[in-house]
Amino acid sequence: MQDFEFTVQDGRLFLLQARAGKRTALAAARIALDLLDEGVIDAATARERTYGLDARALVQRRLAAIDGGGPEPLAQASSASSGIASGEIVLDETRARARRAAGARVILVRQDAETRDIAALDLAEGLLTHRGARTSHAAVVARQLGKVCLVGCEALQIDAAERVVRIGGRALAEGELLTLDGNQGVVHAGEVAVVESVPEALIARLEVLHRSAQEQPDASLAR
């Protein structure tokens, strides 16, 4: 899969650059297996593209159902990378590095995520931005790093001087807990219970694919 950047000027199409597309492990497994079923790729190619994708790599996290009401939702945003991430709010790399050194999990909150934020993002469990879209640089990098990412959160305001963020009318100081639900595109206050599951049907398809390679006779011995 390739990401192409292009522009149209005076009726002419210009291709600017291309790079390998980023996707989750779950998407990589589904795409490879579906392409194999459709006859677009062969089994050897499908095995190469799914090598190392096991139950641990494909685990899915979602918010646990809670009797009597769930976690407090603060705002909606566009989900650029799925999953659940909880941690302390941090506004920059310095804070992220200090809190990680203390053993805390952190959520990076930014107006926009820029190239210089990659070090902070690497330390964080997830990223929340006020601006941006699913195809923005922040989203692409977050998917590549396997981070939960919510972008375009219009309800988010950041007061860098006071080290406070305001989301949906609620003020949260840097260091308070925040949860990002990349599955539903929702921001929650505090840390919430999470359950993990694996896509059993997908795991079974992968096992059949890789088992078939082990059962094939060695062509060199047959000769």
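Under our numbering, the residues of the sequence shown are numbered 415 to 637, in order. In this text, a Cβ means the ideal position worked out from N, Cα and C, and glycines have one as well.
| Check | Outcome |
| --- | --- |
| CB of Gly599 within 7 Å of CB of Ala491, strictly | yes |
| Inter-stretch contact (C-beta, 8 Å, three-pair minimum) for the stretch 443-463 and the stretch 611-621 | yes |
| Cβ neighbour criterion (16 or more within 10 Å) applied to Asp573 | exposed |
| Limits of the unbroken beta strand (DSSP E) element including Leu488 | 487-490 |
| Rounded separation between Ala587 and Val578 - CA only | 4 Å |
| Cβ-based neighbour list, Ile532, same chain, cut-off 7 Å, excluding 5 preceding and 5 following | Val555 |
| Straight-line Cα distance separating Leu570 from Glu590 | 15 Å |
| Which of helix, strand or coil DSSP assigns to His602 | strand |
| Residues near Asp595 in its chain [Cβ-Cβ closer than 7 Å; skip 5 each side] | Leu477, Ile498, His602 |
| Unbroken alpha helix (DSSP H) run spanning Glu419, endpoints | Here Glu419 belongs to no alpha helix (DSSP H); instead the beta strand (DSSP E) covers 416-423. |
| Range of the contiguous alpha helix (DSSP H) that encloses Leu449 | 439-451 |
| Spatial distance of Ala489 from Arg524 (CA atoms) | 15 Å |
| CB of Leu427 within 7 Å of CB of Glu419, strictly | no |
| Own chain partners of Gln474 with C-beta closer than 6 Å, once the 5 adjacent residues on each side are dropped | Ser611 |
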